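Chemist:
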Amino acid sequence: MTDTVISILFSGAAFATVLYLISVGLSITMGLLGIANLAHGAFAMAGGYIAFALVNRLGVNFFAALLVAAVAVAAISVVLERLIYRPVYDAGELEQVLLSMGLIFASIAIAHFAFGPLPLAVNVPASLQGQVDIGWRSFPAYRLFLIAFGLCVFVTLWFAIERTALGARIRAAVDNRAMAEGVGINTRVLFTVVFALGSALAAVGGALGSEVVALTPFYPLEYLVYFLIVVSIGGLGSVSGPALAALLLGFGDSACKILIPEFGAFFIYVAIFLVLLVRPNGLFGRAQS
Amino acid sequence: MSLQDARNAAVEKLLSRRRLSPLELLPWVIALGVYFFLPQYLTLGSQILIMVLFALSLDITLGYAGVIILGHAAFYGMGAYTAGLLAVHGWGDPLIGLVAAAIAAAILGLVSGIVILRTTGLALLMLGMAVALILYEAANRLHDITGGFDGLRGMTIQPIFGYFDFDFFGKTAFLYCLAVLFLAWLFVRQVVISPFGRSLVGIQENADRMAAIGTPVARRKLIAFVLSAAIAGIAGALSAQINQFVSLSVFSFELSGTVLVMLVLGGAGRLYGAFVGAPLYMIAQDQFAKGDPVYWLFWLGILLIAVVLFARGGILGVVDAVRETIGRRLTGRVAVAAADTKSSAGS
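Protein sequences, first through last, are from chains S and D. Residues 1 to 289 (my numbering) make up the first sequence, in order. Residues 1 to 347 (my numbering) make up the second sequence, in order.
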């Protein structure tokens, strides 16, 4: 019994970390400009595949590959933001949904063409392989590292948003964009910065998480629902909301998979449905739009 | 132009929508042409007609009421499973199947609509998806009833009116789909040109103002949603009866996305977007996706991006814009000519 609970909590936390890394950027960009960017998962997939190519094919160091993937995806995302997203900022939600669906389709095809249809995972470095014994039970070292990494990112982001000038600007723009612009904050530049950072984090999430969530060309579509759940339950424009939502979803998902596998994600979806019904802005939302 | 003239012009514009223009008969002429001259394409043709009907149903909510729903497949699937289960258990009359499917999908639309139409933005997108996802998981779980992942098989579909049997070449199936689509088109056309349909457009453009002039916004949206769900259910039922098979993919996100893409490629909110978009999509997919479906996905993605960036109204939007430009040039010339005559007469 205890064993089941511990394994639910542990695998749930690992999954939650991946979801958090990928979704937090989406939450903040959506909160900033209200863009319904469904294609955010494509950045995570791109990061994962870049790291895969570097580590598994070229033998680059794991952590160097993570860095390269993050920078490369951030650069790609800035180009896409300028060329493709900017014209639809002021268009309706439908245009944004369609545009991001187009990006998802194109990214699936490119990934399929470059890496084939089979699920792939980035090789874990030797230093993180094996099990770690922490007294009464041993855990896979890599997943412990993953969870610790997620915690570090969360603390860093929380600090950056709550305690720095850049964070204050972001919070101001999320709460009231017109007013933020009125006091001289350049929200467009701010948005580009946040978009790039969010995409870089997603890339890291995709690369680090490939051991938990395997890379396939259909990644952006398959996990889209999960990313959107984290964002919509967590509330837009927040750092801690998506963390809590990701943890809830991670625990819920692994509990469902371990305890009642025959039901699939049925109860997750029903729970989301009920939560959004009562709180359309999410459980932990701070942006009251 | 005086106020009276402006009012007359507006009334004239509204009335002109009621008149049937010859162009509106084009889809039916083409469909009959396919039936008589291209019999080898009847199977594909029936699938196209079903998707046209499905996209037409989405047009009511998306194009007219302006509700962005990413889970329209829920209603299609509901109709498909309703008609399919009826046929498996001995009620194989196709028309009863259609009616039952429409009712089942309408009830689902009513229940889910009451709930999800209260929200907007991201929550609305999510809830729309959630409805289809929940049904997908439920249908997968209830494999004793639905066949689960293997799909629903073993239907016996009786002849239509007890007389027209479904033949091997798909002739009856094609005409059956065509007749159902025709009736649905007449109905939807009547709905969107009615004051009710106009009020939906008003709600899409400015819901607050419509509420201020006394339109029951929430109720109108819900009615549109239920109508749309019922028609989607009929489309699903047609698909189940003609293919004599229902798979879980009727609830899939891919299907919801596909029908959205078809409608938007053709042009949403124009009644004929479905008639343009769905055939083009299906024919292109049939041609290009045979060899390499992923290649097709790539170009579909690029096409979607291009439509959003350069052609918001879809194909019909582009056609309208071109016609308007030509029309303006012509009337401009006439006006200039008239002004010339006037000034020369005056001098």
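Every residue gets a Cβ at the ideal spot worked out from N, C-alpha and C, and that includes glycine. All values derive from a computational prediction rather than experimental measurement.
Using a cut-off of 8 Å between C-beta atoms, extract the partners of D/Leu304 located in chain S.
Modeler: Within chain S, the residues near D/Leu304 are Leu98, Leu99, Met101, Gly102, Phe105.
Chemist: Got a sec: is the Cβ-Cβ distance from S/Ala202 to anything in chain D below 8 Å?
Modeler: No, its Cβ sits nowhere closer than 8 Å to a Cβ of chain D.
Chemist: Out of D/Phe298, D/Asp292, D/Thr156, D/Leu98, state which residue places its alpha-carbon closest to the alpha-carbon of D/Ile231.
Modeler: Answer by Cα proximity: D/Leu98.
Chemist: Which first and last residues belong to the beta strand (DSSP E) in which S/Val132 is found?
Modeler: 131 to 133 is the span of the beta strand (DSSP E), which, as asked, contains S/Val132.
Chemist: Please list the partners that D/Gly317 has in chain B, where partner means a Cβ-to-Cβ separation under 8 Å.
Modeler: No chain B is present in this structure, whose protein chains are S and D.
Chemist: On a CA-only basis, which of S/Ser232, S/Leu208, S/Leu9 is nearest S/Val124? Give me that one, please.
Modeler: Considering only alpha carbons, the answer is S/Leu208.
Chemist: What's the call for S/Gln288, buried or exposed, on a 16-neighbour Cβ count within 10 Å?
Modeler: Because S/Gln288 sits at a pLDDT of 47, beneath the cut-off of 50, its placement in the model cannot be relied upon, and the point is left open.
Chemist: Residues in the same chain with beta-carbon distance under 8 Å from D/Asp286, minus the five sequence neighbours each way, listed in chain order, please.
Modeler: These residues qualify, in order along the chain: Leu44.
Chemist: If you measure between the beta carbons of S/Ala141 and S/Val132, is that distance less than 8 Å?
Modeler: Cβ distance < 8 Å, so S/Ala141 and S/Val132 count as in contact.
Chemist: When DSSP labels each residue in this structure, what does S/Val125 get in the three-state scheme?
Modeler: Per the sequence presented here, residue 125 of chain S reads as Pro, with Val not at that position. If DSSP states are grouped into helix, strand and coil, S/Pro125 belongs with coil.
Chemist: Establish whether the CB of D/Ile134 and some CB of chain S are separated by less than 8 Å.
Modeler: Chain S contact via Cβ: present.
Chemist: With distance defined between alpha-carbon atoms, name the residue in D/Tyr64, D/Leu265, D/Ala138 nearest to D/Val318.
Modeler: Of the candidates D/Tyr64, D/Leu265, D/Ala138, the one whose C-alpha sits nearest the C-alpha of D/Val318 is D/Leu265.
Chemist: Using DSSP bridges, identify the partner residues of D/Val246.
Modeler: The partner list for D/Val246 (beta bridge, DSSP) reads D/Leu152.
Chemist: Should D/Ala179 and D/Gly79 be called a contact, given that it needs their Cβ atoms to be closer than 8 Å?
Modeler: Cβ distance not < 8 Å, so D/Ala179 and D/Gly79 don't count as in contact.
Chemist: Decide if the region 235 to 250 of chain S is in contact with the region 65 to 85 of chain S; the criterion is three or more beta carbon pairs, one per stretch, under 8 Å apart.
Modeler: Verdict: no, contact absent.
Chemist: Are three or more beta carbon pairs between the region 22 to 35 of chain S and the region 253 to 263 of chain S nearer than 8 Å?
Modeler: Contact fails: fewer than three Cβ-Cβ distances are below 8 Å.
Chemist: Under three-state DSSP, which class holds S/Ile185?
Modeler: Looking at S/Ile185 - three-state DSSP - the assignment turns out to be coil, as it is neither helix nor strand.
Chemist: Taking all protein chains shown into account, do 16 or more other C-beta atoms lie within 10 angstroms of the C-beta of D/Asp150, making it buried, or fewer, making it exposed?
Modeler: Per the 10 Å Cβ criterion, exposed.
Chemist: Helix, strand or coil: how does DSSP classify S/Phe273 here?
Modeler: In the structure shown, S/Phe273 sits in a helix (DSSP, three-state: H, G or I).
Chemist: Considering only the beta carbon of each residue, do D/Leu227 and D/Gly113 sit closer than 8 Å?
Modeler: No, the pair does not count as a contact, with Cβ atoms beyond the cut-off.
Chemist: Which same chain residues end up closer than 8 Å to D/Arg141 when comparing Cβ atoms and leaving out the 5 residues on each side of it in sequence?
Modeler: Same-chain partners within the cutoff: Gly148.
Chemist: Can you say whether D/Phe161 is buried or exposed, counting buried as having 16 or more other CB atoms within 10 angstroms of its CB?
Modeler: D/Phe161 comes out exposed.
Chemist: Assuming the contact rule is C-beta atoms closer than 8 Å, D/Val131 and D/Gly71 should be a hit. Round their C-beta distance to whole Å, please.
Modeler: Correct: roughly 5 Å between the Cβ atoms.
Chemist: In angstroms with no decimal places, state the Cα-to-Cα distance between D/Thr146 and S/Ala265.
Modeler: Roughly 18 Å between the two C-alpha positions.
Chemist: Could you list the residues in the region 43 to 68 of chain D with a C-beta less than 9 Å from some C-beta on chain S, going in chain order?
Modeler: Within the region 43 to 68 of chain D, the qualifying residues are Leu62, Gly66, Ile68.
Chemist: What's the gap between the Cα of D/Gly273 and the Cα of S/Ile6?
Modeler: Spanning the two alpha carbons is a distance of roughly 54 Å.
Chemist: Looking at S/Ala173 and S/Ser100, is the spacing between their C-beta atoms short of 8 Å?
Modeler: No.
Chemist: Express the C-alpha separation of D/Tyr163 and D/Gly170 in angstroms, rounding to a whole number.
Modeler: Rounded to the nearest angstrom, the two C-alpha atoms are 15 Å apart.
Chemist: Per DSSP, which one or two residues make a beta bridge with S/Pro140?
Modeler: According to DSSP, S/Pro140 bridges with S/Gln131.
Chemist: For S/Ile50 and S/Ala178, what's the separation of their Cα atoms in angstroms?
Modeler: Between S/Ile50 and S/Ala178, the C-alpha separation is close to 38 Å.
Chemist: Do you know how far the Cα of D/Ile116 is from the Cα of S/Phe105?
Modeler: Distance between the alpha carbons of S/Phe105 and D/Ile116: 27 Å.
Chemist: Using only alpha-carbon positions, find the residue among D/Tyr41, D/Tyr35, D/Gln241 that is nearest to D/Asp93.
Modeler: Comparing Cα-Cα distances from D/Asp93 to each of D/Tyr41, D/Tyr35, D/Gln241, the minimum goes to D/Gln241.
Chemist: Rounded C-beta distance between S/Gly241 and S/Gly282? I'm assuming under 8 Å.
Modeler: That belief holds up - the Cβ atoms of S/Gly241 and S/Gly282 are roughly 6 Å apart, short of 8 Å.
Chemist: Identify the residues that DSSP records as bridge partners of D/Phe164: which are they?
Modeler: Paired residue(s): D/Ile160.
Chemist: Name the residue from S/Val204, S/Arg57, S/Ile110 whose alpha carbon lies nearest to the alpha carbon of S/Phe218.
Modeler: Of the listed residues, the one whose Cα sits closest to S/Phe218 is S/Ile110.
Chemist: So, for D/Leu181: in the same chain, excluding its five sequence neighbours on each side, which residues have a beta-carbon less than 7 Å away from its beta-carbon?
Modeler: Contacts found: Leu49, Val52, Leu53.
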